[in-house]
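J.:
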Amino acid sequence: MKIQQFIRQIYGKRINIDSMGMLVLAVILAITQFMSARYLGRIIDSVSLGLSSVIFNTTIITISVLTSFIAGCLLFIRMQSMSIKFTNLLHKKMAEKLCKAEYKTLSDINEGELMTTAVDNTGGITGWFNIIVALGQIPIKIVIVFIAIIKIHWVLFLICMVLFPLTLLPSLILSKKMYNLNLDEQKAVGTNINFIKETLNFIIILKSYCLENIFIKKNRDHLDELEVARLKKAKRDRLIQSFSRCIGYIANPILFTIAGYLILRGNMTIGQIISIMFYIDIAGDGINLLTGIGNQYQTVRSCMTRIKSLLDIPDERVTGVALSPVGEEPVFDIRKVSFAYREDRVLREVSIQIMKGDKVAILGKSGSGKTTLFKLLNGLYTPCEGEIFFQGQNISKMSIDDLRKNLSVVPQESFMFSDTIYNNISIAKPGASEEDVIRACRLADIHEFIETLDDGYETVLNNVIDSMSTGQVQRINLARAFLRDADVWLFDEPTSALDAKSRDAIMDYIVNGTGDKTVVCIIHEPELIARFDRQLIIRDGQINSVERDSGRGEMND
1 MKIQQFIRQI YGKRINIDSM GMLVLAVILA ITQFMSARYL GRIIDSVSLG
51 LSSVIFNTTI ITISVLTSFI AGCLLFIRMQ SMSIKFTNLL HKKMAEKLCK
101 AEYKTLSDIN EGELMTTAVD NTGGITGWFN IIVALGQIPI KIVIVFIAII
151 KIHWVLFLIC MVLFPLTLLP SLILSKKMYN LNLDEQKAVG TNINFIKETL
201 NFIIILKSYC LENIFIKKNR DHLDELEVAR LKKAKRDRLI QSFSRCIGYI
251 ANPILFTIAG YLILRGNMTI GQIISIMFYI DIAGDGINLL TGIGNQYQTV
301 RSCMTRIKSL LDIPDERVTG VALSPVGEEP VFDIRKVSFA YREDRVLREV
351 SIQIMKGDKV AILGKSGSGK TTLFKLLNGL YTPCEGEIFF QGQNISKMSI
401 DDLRKNLSVV PQESFMFSDT IYNNISIAKP GASEEDVIRA CRLADIHEFI
451 ETLDDGYETV LNNVIDSMST GQVQRINLAR AFLRDADVWL FDEPTSALDA
501 KSRDAIMDYI VNGTGDKTVV CIIHEPELIA RFDRQLIIRD GQINSVERDS
551 GRGEMND
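So for the sequence shown, full-length UniProt numbering puts the first residue at 1; every next one is plus one.
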């Protein structure tokens, strides 16, 4: 089965052995319950046969009850351990996928849906273990019990065979829609999570523009949609259960009435009707398990579909052509590159060369494609048309790691980890000395601020992040790039949050203090343009290269 194969891919080959152990325990549990019901009736009928017969039947019941207790405990422990292990392995697999997946595909996924998939759906798929347990118990609780009933009297068996389909078929038919209902609910949950994240991210804008009531209304609308989705699922689930219970309520009076008639006729004993009572309970539990399988299966299937869609995202390349020693080739050679978001083409047959040691500023209106070019050079995006060469090698044929090992990158957004300030910076260059980290922080003009903190570089960011300015966070991101000190620097508005003095000092270092390193920097500040040797001006999807000072006024017109 596809679900079992998927679980095996995550859990490993051990899943077959563990599932078989769980299945055996489920069978033992069902058999002991059946044996208890069977011999309970025999105790009553064996009174007339003497004390030894009563003791024998009592012993069988005692052994069955103890075995049932032990099997139940072991089954619970086995299910819990398998569920915890599988969930843990799946979370690891998903975390690995998030780190290795193609950026473009991953960035297109709604964050709320991604969170729902990573958190809720991983737990939902463990319902497969409940299905395995049910499959182990159903043959005993239905087939064996019905055989026992037919041995007592065939009339009771015929009645059960009439009532059984009335319970099963409607439930199976109703459960078919549970797959789509589960998907609708999970999508609604994802939408709500995403909305909460947006609210937290834009809380200042929300308050500054008096948008509280608008956001409150949107939140209510999203919650109403979630409520509708959950109600539809709950109603369908309740309807499935109600069919099973309703038939059970009808079946019991009918069966007991006929059993009473058979006792009066002398065709049944009191002990047999006692066993019948317990058989009906066991069979009812078996029918509930059987009718519930359809619902559980659709839930597991919908969870697996969402998880698999995430795990099926292609990974970035980890193998490829090795870089050759640096010669006369351009650092970046962009050849007739085009890129589009769906049908909206941002770059059109762009061709440009960036040589070793070039200090290049990228300018253009908002939305002109500056950040898109930044992501193309970093290997985050793949051109729709054309090719990009890095030091003579086609990026599309290189290992993406080989490309990025040569880059120091500062994206437009500042990223901080839940760790110390020191670890947030040193992560860019594992094994870097403390002196190297401090030097990078001095270059980023953040060392003095860090020294004012009680724990200095060992300050955990979670404890001070709220008191840090956007500029201070940006400086830490710059320090990370300075520490890496690669041959090629890619910066996307690296000083946008800094004061003029700090900005000028850092820009002086980036342009004049980096020697023959290649610097490609997206900027918006007109006063910084003259610092760069070349300006690449993006307009209408095209790039024009101009020399120093000739690009003034082109940026924001």
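From the three backbone atoms N, C-alpha and C, an ideal C-beta is built for every residue, glycine too.
To the nearest angstrom, how far is the alpha carbon of residue 118 from that of residue 94?
T.: Locating residue 118 in the sequence shown gives position 118, where the first residue counts as 1. Locating residue 94 in the sequence shown gives position 94, where the first residue counts as 1. Rounded to the nearest angstrom, the two C-alpha atoms are 7 Å apart.
J.: In the structure shown, what three-state DSSP assignment does residue 398 receive?
T.: Within the sequence shown, numbered from 1, the residue matching residue 398 stands at position 398. Strand at residue 398.
J.: Measure the beta-carbon distance from residue 143 to residue 26 and round it to whole angstroms, keeping in mind my assumption that it falls under 8 Å.
T.: Your numbering for residue 143 matches position 143 in the sequence shown. Your numbering for residue 26 matches position 26 in the sequence shown. Their Cβ separation, rounded to whole angstroms, is 14 Å, which puts residue 143 and residue 26 out of contact at 8 Å.
J.: Around the C-beta of residue 426, are 16 or more other C-beta atoms found within 10 angstroms, so that it is buried, or is it exposed?
T.: Along the sequence shown, read from residue 1 onward, the residue named residue 426 stands at position 426. Its Cβ being crowded by 16 or more others within 10 Å, residue 426 is buried.
J.: Less than 9 Å between the C-beta atoms of residue 397 and residue 484, yes or no?
T.: For the purposes of this step, residue 397 is taken as the residue at position 397 of the sequence shown. For the purposes of this step, residue 484 is taken as the residue at position 484 of the sequence shown. No. Outside cutoff.
J.: Using DSSP with H/G/I as helix, E/B as strand and the rest coil, what is residue 393?
T.: Reading the sequence shown from its first residue, position 393 is the one you call residue 393. Residue state, collapsed to three classes: strand.
J.: Please name the residue or residues paired with residue 33 in a DSSP beta bridge.
T.: Numbered from 1 along the sequence shown, position 33 holds the residue referred to as residue 33. Answer is none; residue 33 lacks a bridge partner.
J.: Whose C-alpha, out of 67, 534, 402 and 446, is nearest the C-alpha of residue 318?
T.: As a first step, residue 318 is located in the sequence shown; it is residue number 318 there, counting from the start. Comparing Cα-Cα distances from residue 318 to each of 67, 534, 402 and 446, the minimum goes to 402.
J.: Per DSSP, what kind of secondary structure is residue 339 in: helix, strand or coil?
T.: Within the sequence shown, residue 339 is the residue found at index 339, counting from 1. Strand at residue 339.
J.: Within 8 Å, do at least three Cβ pairs link the region 34 to 49 to the region 275 to 286?
T.: Counting Cβ pairs under 8 Å, three or more are found: they touch.
J.: Run the CB neighbour count on residue 154, radius 10 Å, all protein chains shown included, and call it buried at 16 or more, exposed below.
T.: In the sequence shown, residue 154 corresponds to position 154, counting from 1. Residue 154 should be labelled exposed.
J.: So for residue 546, helix, strand or coil by DSSP?
T.: Counting from one through the sequence shown, the residue named residue 546 turns up at place 546. Note: residue 546 maps to strand in three-state DSSP.
J.: In the DSSP assignment, the alpha helix (DSSP H) including residue 281 goes from what residue to what residue?
T.: By 1-based counting over the sequence shown, the position of residue 281 is 281. Taken as a continuous stretch (DSSP letters only), the alpha helix (DSSP H) holding residue 281 covers 270 to 311.
J.: Tell me where the alpha helix (DSSP H) around residue 536 begins and ends.
T.: Start at 1 with the first residue of the sequence shown, and residue 536 comes out as number 536. From DSSP, residue 536 is part of no alpha helix (DSSP H) but of the beta strand (DSSP E) over 534 to 539.
J.: Return the residue from the list 56, 63, 83 and 258 that minimises the CA-CA distance to residue 7.
T.: Walking along the sequence shown from the start, residue 7 turns up at place 7. The option with the nearest alpha carbon to residue 7 is 83.
J.: Quick check: the region 383 to 396 against the region 330 to 342, are there 3 or more CB pairs under 8 Å?
T.: Flag = yes, the region 383 to 396 and the region 330 to 342 touch.
J.: Please look up how many angstroms separate the CB atoms of residue 482 and residue 440, rounded, as I've assumed it's under 8 Å.
T.: For the purposes of this step, residue 482 is taken as the residue at position 482 of the sequence shown. For the purposes of this step, residue 440 is taken as the residue at position 440 of the sequence shown. Going by Cβ atoms, the distance from residue 482 to residue 440 rounds to 4 Å, so yes, they are a contact pair.
J.: So within the region 344 to 387, which uninterrupted alpha helix (DSSP H) runs reach at least 4 residues, ignoring any that extend past its ends?
T.: If we require 4 residues or more, the alpha helix (DSSP H) runs fully inside the region 344 to 387 come out as 370 to 377.
J.: Pick helix, strand or coil for residue 332, following the three-state DSSP scheme.
T.: The residue labelled residue 332 in the question sits at position 332 within the sequence shown. In this structure, residue 332 counts as strand in the three-state DSSP scheme.
J.: Run through the DSSP bridge pairs and tell me what residue 518 is partnered with.
T.: Reading the sequence shown from its first residue, position 518 is the one you call residue 518. Residue 518 is bridged to 488.
J.: Using C-beta distances below 8 Å, list every residue in its chain close to residue 350, excluding the 5 sequence neighbours before and after it, in chain order.
T.: Reading the sequence shown from its first residue, position 350 is the one you call residue 350. Only 334, 336, 337, 338, 373, 386, 541, 542 and 543 meet the Cβ criterion.
J.: If you pair each beta-carbon of the region 301 to 316 with each one of the region 118 to 130, do three or more pairs fall below 8 Å?
T.: With a cut-off of 8 Å, the region 118 to 130 and the region 301 to 316 count as touching, because enough Cβ pairs lie within range.
J.: With respect to the alpha helix (DSSP H) encompassing residue 47, which residues constitute its N-terminal and C-terminal limits?
T.: To locate residue 47, count along the sequence shown from 1; it is residue 47. Looking at the DSSP string, residue 47 is not in any alpha helix (DSSP H), and its letter there is neither H nor E.
J.: Looking only at its chain, what residues have a beta carbon closer than 8 Å to the beta carbon of residue 183, apart from the 5 residues adjacent to it on each side?
T.: Here residue 183 refers to the residue found at position 183 of the sequence shown. Within the same chain, residue 183 has close Cβ partners 302, 305 and 306.
J.: For residue 21, I'd like the list of residues in its chain whose CB is within less than 8 Å of its CB, leaving aside the five on either flank, ordered along the chain.
T.: For the purposes of this step, residue 21 is identified with residue 21 of the sequence shown, where counting begins at 1. Around residue 21: 78.
J.: Could you give the C-beta distance for residue 486 and residue 536, rounded to a whole number, given that I count them as a contact under 8 Å?
T.: Looking up residue 486 in the sequence shown gives position 486. Looking up residue 536 in the sequence shown gives position 536. So it is not a contact: roughly 20 Å between Cβ atoms.
J.: Using three-state DSSP, classify residue 445 as helix, strand or coil.
T.: Here the question's residue 445 lines up with position 445 in the sequence shown. Residue state, collapsed to three classes: coil.
J.: For the beta strand (DSSP E) containing residue 564, name the first residue and the last one.
T.: There is no way to answer for residue 564, as the model of the chain reaches only from 1 to 557.
J.: Classify residue 358 as buried or exposed, calling it buried when 16 or more other Cβ atoms lie within 10 Å of its own Cβ.
T.: As a first step, residue 358 is located in the sequence shown; it is residue number 358 there, counting from the start. Per the 10 Å Cβ criterion, buried.
J.: Is residue 126 helix, strand or coil by DSSP?
T.: To locate residue 126, count along the sequence shown from 1; it is residue 126. Three-state DSSP puts residue 126 in coil, outside helix and strand.
J.: Based on the DSSP output, what are the partners of residue 224 in its beta bridges?
T.: Sequence index remark: in the sequence shown, residue 224 carries index 224 (1-based). DSSP, once it has assigned bridges, lists no residue as partnering residue 224.
J.: Mind checking whether residue 68 and residue 33 have CB atoms under 9 Å apart?
T.: Indexing the sequence shown from 1 puts residue 68 at position 68. Indexing the sequence shown from 1 puts residue 33 at position 33. Yes, these two residues count as a Cβ contact at 9 Å.
J.: Tell me whether the beta-carbon of residue 156 lies closer than 9 Å to the beta-carbon of residue 283.
T.: Numbered from 1 along the sequence shown, position 156 holds the residue referred to as residue 156. Numbered from 1 along the sequence shown, position 283 holds the residue referred to as residue 283. In this structure, residue 283 does not lie closer than 9 Å to residue 156 by Cβ.
J.: Apply the 10 Å Cβ neighbour rule to residue 435 and answer buried if 16 or more other Cβ atoms are within range, or exposed otherwise.
T.: Position 435 of the sequence shown, counted from the start, is the residue given in the question as residue 435. It is exposed - the Cβ of residue 435 has fewer than 16 other Cβ atoms within 10 Å.
J.: In whole angstroms, what is the alpha-carbon distance linking residue 348 and residue 232?
T.: The residue you call residue 348 lines up with position 348 of the sequence shown. The residue you call residue 232 lines up with position 232 of the sequence shown. Whole-angstrom Cα-Cα distance: 48 Å.
J.: Between which residues of its own chain and residue 128 is the CB-CB distance below 7 Å, once the five residues before and five after are set aside?
T.: Numbered from 1 along the sequence shown, position 128 holds the residue referred to as residue 128. Closer than 7 Å at Cβ, skipping near neighbours: 3, 7 and 300.
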